[in-house]
Structure formats: structure tokens, C-alpha cells
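Numbering (our numbering), first residue to last: 1 to 372.
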């Protein structure tokens, strides 16, 4: 074989090897594309937490699934958690036992809520100590992934028998989030002695009302609670009536009492003021013509809010004639990728305006008031 022929063969083999390398590299890049370009799937979770009896020292989560690993946190409606699970790796876990903390003052009894949290620090649960910046809950449709159960204790049979018993609970199956509902529970004193005990009502794990009830021995009496639903989140919510060591739980379907809406009532180069109706935890965001978020309000709870102020960012300059959009968002103003709120039809809740148009409308309104 001539030197020229050999050289040509070497060149062809080299070209083939280079082509193979390019194909392999492309496959690697494609396989890693989400990580390389910053595209990640939203973390997902689910949980099953059933009513149970126990010692007060621990509870059992029947099943929890976490796409990215994390923790299950137990609360009773207060600001601080009662207990936190060990770290759970990504996947499905059954019969997860959560122990009460050694320094905890309260037993794990009553109506408890188990919420699935992410592990964003990689260094233990840190949601409270970072003021909610790290280890946030997994979300589904904008709400934390959680489940609520009634936990009673069998640790002390005498203590349990001394507790008033909740024989039944009568509550409406549905209501709106701006009305007063009536819940009636039948309570029995199982002892032979006249006794006083607290009876409390909880909605979604939060204590909304307490009554001191005095019953003679073996007496049964109805207790009625008048509960204002304003500010309660829409959807199916657990409601319960509890005594010292007993309780009854049912659910109520709460419908947001009005259509989600946003209206601009004032605007300047510093901020925008709106009236808002929002059925979830969220905030008002102001968008520039290019779609960028240039101002936000404080956190908003579900409900109707007047004179919600959204401050423009310090480095933002807004022309009076620039078209802006005021929009409802879910979540918190500090979220890296805030999610626009969508109504039942999948439409965003927003309104467009300019500072000049708002000022002109105010002038017209003032002139009309002066002529009256």
C-alpha cells in the first residue's frame, strides 16, 4: 500500500472517530440538558395521615412520597412544630414514625397536621430558623402538601376515662368564606363527678374558639360554636371538636365567596394601590411592558383586601404613559419564580393601566364630586 493511500485511510478513520465522539457528546449533553440549562421539574409529594391512638410520644404516618427527599413536620395550628421526622430520602415511605422532641412540652395528641417539607439546605430541617427561606413545604396547586388526623392517647386509661367525650359533631357540608357557620357537638361527662373542661373548635388545624363546659356526672349536653369563615382557605377543610383527650372530626367544603379580582385605585412613580380578592395565599405583582416584575405587595392571606400597596423596585423608573399590568400571584413575593394565579377557567387575574390614566380618572372623579 502506498504512503498516500495509507494517509487517506488514516484520515478516514480519524474522521469516523471524531464523528462518533461528537454523537456521544451530543447524547451526554441532551441527557444532561435540564441540569445544564437550569430546567428542573417542580418537586412533588403526597402524604396519608390517618386518625389513630397512641401514647402521646409518637405518631405514625401511613405513607409519604417525596420526589426530592425531605421531612414530615407535625403541627397543631401553632407557630412552632411539635415534631419533625428524620430525613426521608426521595421515594415512597410507609409507616413512618415521628417521635416527640425530648424538650417538647406537649404530647402528640389532638388534631395534628402533617406537612411535607423539602430539604434545600442539606443540613437538617431549617424552615423556622431561616424564617421560611429554606426547607419550604412541597406544594400542590399552590397549597402545602399536608394531611390532618385526630390523635388520641391510650397511655393512661384513667386519664382518658376522665376526659369529656365528643359523642357527635354536626356541621354544614359546605359554606362560603365570608359567612358565620354553626357547629354543634354532643359532649358527655363519663365520670360520676361534676367536672369542668375546655372544649375547643378547630378549622384546618387552627383553634378558632374555646368554651369552658361544666357537666354533672354522666351528663350529656350540646355545645354550639359560631364560627366566622372569613380568611379561611377555600377547598375541603377538616373541622373538629376536642376535649382533653377525645375529639371528633369531619370536613367542610369552603367555596371562595366572590370571583378573584384586582382593581387599580391609585398609582404614582413610587407605588401602585389596588383592591384585591384572592382565594389563596399570594401577593400583587406589577409588570412592566416587557413582562418583568418591577414591584410587589406584601403577603396576602385569602380574602378581600382594600388599598393593597405594591412598591416599585428602587432601581426602576416608570414613565407615566408606560403600560403596566397589575396581576395576582400565588406564593410569596420573594419566590425566585413567582407563579401567576389562575382562576377556574385557567385565566390570569390582571388589569392593565398607566399612571397617567389613573391620575386622569382620579381628576374626573374629583371634579364630579365637587359639582354634586
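Using N, Cα and C, we set each Cβ at its ideal position, and we do this for glycine too.
If you're wondering where the values come from, they're calculated on a predicted model, not measured in any experiment.
Since residue i is in the beta strand (DSSP E), which residue starts that stretch and which ends it?
i           : result
residue 259 : Where residue 259 is concerned, there is no enclosing beta strand (DSSP E), given that its DSSP letter is neither H nor E.
residue 65  : 58-66
residue 304 : 303-312
residue 329 : 324-330
residue 288 : No beta strand (DSSP E) holds residue 288; DSSP gives it neither H nor E.
residue 205 : Residue 205 -> no beta strand (DSSP E), and no H or E assigned at all.
residue 170 : 165-170
residue 236 : 235-242
residue 185 : 180-188
residue 97  : 91-99
residue 118 : 110-118
residue 47  : 45-48
residue 85  : Counting along the chain, residue 85 falls outside any beta strand (DSSP E), and DSSP gives it neither H nor E.
residue 174 : 174-176
Check each candidate in the options and name the one with the smallest Cα separation from residue i.
i           : options              : result
residue 51  : 99, 71 and 149       : 149
residue 396 : 113, 323 and 361     : An answer regarding residue 396 cannot be provided, because it is not within the stretch 1 to 372 covered by the chain.
residue 285 : 81, 303, 262 and 279 : 262
residue 287 : 275, 271 and 299     : 271
residue 237 : 53, 253 and 228      : 253
residue 58  : 109, 68 and 199      : 109
residue 278 : 344, 294 and 335     : 344
residue 92  : 246, 64 and 258      : 64
residue 55  : 99, 143 and 301      : 99
Helix, strand or coil for residue i, going by three-state DSSP, please let me know.
i           : result
residue 362 : helix
residue 275 : strand
residue 228 : strand
residue 355 : helix
residue 336 : coil
residue 162 : helix
Under 8 Å by Cβ, that's how I've got residue i and residue j pegged, so tell me the actual separation to the nearest angstrom.
i           : j           : result
residue 217 : residue 178 : Contact doesn't hold; Cβ gap of about 42 Å is too wide.
residue 186 : residue 168 : 5 Å
residue 374 : residue 264 : Only positions 1 to 372 of the chain appear in the structure, and residue 374 is not among them; the question remains open.
residue 146 : residue 47  : 7 Å
According to the neighbour-count rule (16 or more other Cβ atoms, all chains shown, within 10 Å of its Cβ), is residue i buried or exposed?
i           : result
residue 172 : exposed
residue 362 : exposed
residue 166 : buried
residue 353 : buried
residue 242 : buried
residue 118 : buried
residue 34  : Per-residue confidence for residue 34 stands at a pLDDT of 34, beneath the threshold of 50, marking its modelled position as unreliable; the derived number appears in the next sentence. Exposed, since its Cβ has fewer than 16 Cβ neighbours within 10 Å.
residue 434 : Limits of the chain in this structure are 1 at one end and 372 at the other, which puts residue 434 out of reach.
residue 212 : exposed
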